[in-house]
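Heads up: the structure comes next, in structure tokens.
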Amino acid sequence: MKNFSRTGKILFSYGAIQMFWGLVMLNVKLFEHTSETIKYIILITGIVFCIISNFFKEPKK
Numbered sequence: 062m063k064n065f066s067r068t069g070k071i072l073f074s075y076g077a078i079q080m081f082w083g084l085v086m087l088n089v090k091l092f093e094h095t096s097e098t099i100k101y102i103i104l105i106t107g108i109v110f111c112i113i114s115n116f117f118k119e120p121k122k
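The sequence shown begins at 62 in my numbering and counts up by one.
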């Protein structure tokens, strides 16, 4: 993660948190009344943020 710019680090961190939260919501009975669509949207946006963060790398010197 040392090659990421500041924006890349923020996007990657947010994406990882959102992916974790999406997986938790899909598997824990506490969220059984939450719409399945919302659970998958949270998971997919987390994956997308992690992918987008790869485009924000510091240029090589």
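Every residue gets a Cβ at the ideal spot worked out from N, C-alpha and C, and that includes glycine.
> For Phe-65, which residues does DSSP report across the bridge?
Replying inline: Lys-118
> Can you list, in chain order, the residues of its chain whose CB lies under 7 Å from that of Gly-69, leaving out five sequence neighbours each side?
Replying inline: Ser-114, Phe-117 and Lys-118
> Excluding five sequence neighbours on each side, which residues of the same chain lie with their C-beta closer than 8 Å to the C-beta of Val-109?
Replying inline: Gly-76
> Is the beta carbon of Leu-84 less than 8 Å from the beta carbon of Leu-104?
Replying inline: yes
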